[in-house]
Amino acid sequence: MMNRFERQVKLPGIGREGQQKLQQAKVLVIGAGGLGCPALLYLAAAGVGTLGIVDGDIVDASNLNRQILFGANDVGKPKTACAAAMLRKKYPDVHLISYSFYLRAENITEVLQDFDIVLDGSDNFETRYLVNDACMLMEKPFVMGAIYQFEGQIGLFNDRREECTSVQYRDLYPEPPPAGQIPDCNQSGVLGVLPGIIGTLQATEVIKYICDLDKPKSPTLLIYNMLKQQFYHLEITPNPENSIKLPANKEALKNTDYSVICGAGTEEISWEYALDIAKKSMGKTALVDVREYGELPELQNPNCIKLPLSNLESQVKELQNLQNLIIFCQSGIRSQKAYKRLREIYPYKTILSIKGGINAAASTKIFKDNA
Amino acid sequence: MEKNRIKILAFGQLTDHVASSGFEMDFVQDTDTLKERLYENYPGLKNLHFSIAVDKKIVNSNTHLAAGCEIALLPPFSGG
Numbered sequence: 005m006m007n008r009f010e011r012q013v014k015l016p017g018i019g020r021e022g023q024q025k026l027q028q029a030k031v032l033v034i035g036a037g038g039l040g041c042p043a044l045l046y047l048a049a050a051g052v053g054t055l056g057i058v059d060g061d062i063v064d065a066s067n068l069n070r071q072i073l074f075g076a077n078d079v080g081k082p083k084t085a086c087a088a089a090m091l092r093k094k095y096p097d098v099h100l101i102s103y104s105f106y107l108r109a110e111n112i113t114e115v116l117q118d119f120d121i122v123l124d125g126s127d128n129f130e131t132r133y134l135v136n137d138a139c140m141l142m143e144k145p146f147v148m149g150a151i152y153q154f155e156g157q158i159g160l161f162n163d164r165r166e167e168c169t170s171v172q173y174r175d176l177y178p179e180p181p182p183a184g185q186i187p188d189c190n191q192s193g194v195l196g197v198l199p200g201i202i203g204t205l206q207a208t209e210v211i212k213y214i215c216d217l218d219k220p221k222s223p224t225l226l227i228y229n230m231l232k233q234q235f236y237h238l239e240i241t242p243n244p245e246n247s248i249k250l251p252a253n254k255e256a257l258k259n260t261d262y263s264v265i266c267g268a269g270t271e272e273i274s275w276e277y278a279l280d281i282a283k284k285s286m287g288k289t290a291l292v293d294v295r296e297y298g299e300l301p302e303l304q305n306p307n308c309i310k311l312p313l314s315n316l317e318s319q320v321k322e323l324q325n326l327q328n329l330i331i332f333c334q335s336g337i338r339s340q341k342a343y344k345r346l347r348e349i350y351p352y353k354t355i356l357s358i359k360g361g362i363n364a365a366a367s368t369k370i371f372k373d374n375a
Numbered sequence: 243m244e245k246n247r248i249k250i251l252a253f254g255q256l257t258d259h260v261a262s263s264g265f266e267m268d269f270v271q272d273t274d275t276l277k278e279r280l281y282e283n284y285p286g287l288k289n290l291h292f293s294i295a296v297d298k299k300i301v302n303s304n305t306h307l308a309a310g311c312e313i314a315l316l317p318p319f320s321g322g
């Protein structure tokens, strides 16, 4: 049995004792995506005894450049099931627990309670702040990883071991950015090796934590630049003021609406940004005109879909295959109503509203270019 | 680098809004003044969310700067 781990057991600081610790460890991986896939592979390969995988998504062909647990045959299937099947085949000695849903304020504490450490490979701020808050409340350490184009960030948070300083993600970013401001991988693009590297670094931190290898002197955010092949280390200092921002207890956490905290009520963007997104992710993005038929001027844009607010319920299915919905109306009021309803219908799509509607566009050069 | 200058490093999408990912500026006394100066020179930064590190330490409030210091402008990333 131990043959599979012979090479790492030889290492100073791991040994049989470290291997035992790995075997007894329970690690929750949030998101079986670009970060989660390589992290899961290395954690399972290292012999982590229990691995939890949370993801409510299904495999899409566009995932395959980086989500290396999946292949062409998995397209259309749930990510957790595919990931677990692959890992079971390779490493039958690892106990895998699949959670085929998205983490929410209502379900996170129940999922977290059975694990020792969390690897956050999520792809949105709602989940990042939810994971931070829940882990802080439940005293679970977590390793955050995130990417943007050719750069990645990773950090170990809430490290409560002796001689270590516990910091939270809010010590780095006290509040979430306005929604829609920070593009995700769908919008900004991603080369598979970057989440491969960052996810592997996250797994490294988890393994080091479990085996108690080289405790960090101070909490660090590591930034990696793939083009320059450079690492940049930053020290994070705990700020008690940020603790006030956490929900007081599990009950308060359950009642927190993270979509609101993360600006879901105010996801307003400019025309410049809207047209840029539409251009960059053409085919996946629609500029949704929620004005009634006949309202002028019309927006002449190939990505524009007419969906009057009064017909929203009956026509909404026209949007189901799109990833990004950018709503506009005449002045920006109706689009907020439409926004609220579309958020309920499509909780996992990126939904944005254009500030000031057509009125805001009419005075800009952009509108003239498109009219 | 001259003594009365500071070095600025921009990360992530902030690099689209400044001169380059690494550049120098005239010395300013603290991080609040630095932000003002950056907003004047690079208005695109105004609407963006980012944290500041001074000599590789994240700062939570207005912080005095020393000549020759290195500033990092750090937007959050969400991709995974």
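Each protein sequence line maps, in turn, to chains A and B. Using this note's numbering, the letters of the first sequence map in sequence onto residues 5 to 375. Using this note's numbering, the letters of the second sequence map in sequence onto residues 243 to 322. Where is the CB? At the ideal position from N, CA and C, for every residue including glycine.
Would you verify that the beta carbon of residue i is, or is not, closer than 7 Å to some beta carbon of chain A?
i	result
B/A309	no
B/F323	Because chain B here runs from 243 to 322, residue 323 of chain B falls outside it and cannot be looked at.
B/I300	yes
B/G264	no
Going by the C-beta, is residue i closer than 6 Å to any heavy atom of the ligand ATP?
i	result
A/L329	Looking at this structure, you won't find the ligand ATP or any other ligand, since it has none at all.
Decide if residue i is buried, meaning its Cβ has at least 16 other Cβ atoms within 10 Å, or exposed.
i	result
B/S303	exposed
A/T354	buried
A/K144	buried
A/Y262	buried
A/R376	What is shown of chain A runs 5 to 375, which leaves residue 376 of chain A out entirely.
A/A365	buried
A/L15	exposed
A/T84	buried
A/N77	exposed
A/S102	buried
A/A375	Residue placement at A/A375 cannot be trusted, given a pLDDT of 41 that sits under 50; what the coordinates show is reported in the next sentence. That one is exposed.
A/Y152	buried
A/S314	exposed
A/V264	exposed
B/A308	exposed
B/T275	exposed
B/R279	exposed
A/E348	exposed
A/M5	Because the pLDDT at A/M5 is just 49, under 50, the model does not fix this residue reliably, and the value given afterwards should be weighed accordingly. Exposed is the call here.
B/G286	exposed
A/I112	buried
A/A342	buried
Note the first and the last residue of the continuous alpha helix (DSSP H) segment covering residue i.
i	result
A/I112	112–116
A/Y262	262–265
A/E348	338–349
B/K299	Counting along the chain, B/K299 falls outside any alpha helix (DSSP H), though it belongs to the beta strand (DSSP E) covering 299–301.
A/T208	197–215
A/I281	275–284
Chain B beta carbons: is any one of them nearer than 7 Å to that of residue i?
i	result
A/F129	yes
A/N374	At A/N374, the pLDDT of 46 sits below 50, so the modelled position is not reliable; the number obtained from the coordinates is stated separately. Not closer than 7 Å to any Cβ of chain B, the Cβ of A/N374 fails to qualify, so no.
A/S285	no
A/C37	One point to set straight first is that residue 37 of chain A is Gly, not Cys, in the sequence displayed. Yes, its Cβ sits closer than 7 Å to a Cβ of chain B.
A/S126	yes
A/C86	no
A/C168	no
A/C189	yes
How would you write the range of the beta strand (DSSP E) that residue i sits in, first residue to last?
i	result
A/A150	146–152
A/N157	Position check: residue 157 of chain A holds Gln in this sequence, whereas Asn was assumed. 155–161 is the extent of the beta strand (DSSP E) around A/Q157.
B/E266	264–268
A/L226	224–229
A/V171	It is not in any beta strand (DSSP E) - A/V171 carries neither H nor E in the DSSP assignment.
A/Q234	234–239
Next on the checklist: Under 7 Å, CB to CB, which of the residues in the stretch 277–295 of chain B have a partner in chain A?
Outcome noted: L290, H291, S293, A295
Checklist entry - Which residues, in chain order, does the stretch 234–254 of chain A contribute to contact with chain B at a C-beta distance below 9 Å? => result Y236, H237, L238, E239, I240, T241, N243, E245, N246
Checklist entry - Listed from N- to C-terminal order along the chain, which residues in the stretch 176–187 of chain A have their beta-carbon within a distance smaller than 9 Å of any beta-carbon of chain B? => result L176, Y177, P178, E179, P180, P181, P182, Q185, I186, P187
Checklist entry - So, do the stretch 187–196 of chain A and the stretch 251–269 of chain A have three or more beta carbon pairs nearer to each other than 8 Å? => result no
Checklist entry - Touch check for the stretch 28–45 of chain A and the stretch 85–100 of chain A: three-plus C-beta pairs under 8 Å? => result yes
Checklist entry - Taking Cβ-Cβ distances below 9 Å as the criterion, which residues of the stretch 147–159 of chain A are in contact with chain B? => result G149, A150, I151, Y152, Q153, E155, G156, Q157
Next on the checklist: Across the stretch 260–272 of chain B and the stretch 160–180 of chain A, are there enough close Cβ pairs to call them in contact, namely three or more that are closer than 8 Å?
Outcome noted: no
Item to check | Contact residues within the stretch 195–208 of chain A, judged by C-beta distance below 8 Å to chain B | outcome: P199
Checklist entry - Counting pairs of Cβ atoms below 8 Å between the stretch 90–103 of chain A and the stretch 40–51 of chain A, do you hit three or more? => result yes
Item to check | Cβ contact check for the stretch 310–327 of chain A and the stretch 279–298 of chain A: 3 or more pairs under 8 Å | outcome: yes
Item to check | Three or more C-beta pairs below 8 Å linking the stretch 239–253 of chain A and the stretch 222–231 of chain A | outcome: yes
Checklist entry - Closer than 8 Å, Cβ to any Cβ of chain B: which residues of the stretch 336–367 of chain A, in chain order? => result none
Checklist entry - Do three or more CB pairs link the stretch 115–123 of chain A to the stretch 208–220 of chain A at distances below 8 Å? => result yes
Checklist entry - Does the stretch 309–320 of chain B come close enough to the stretch 253–265 of chain B that 3 or more CB-CB pairs lie under 8 Å? => result yes
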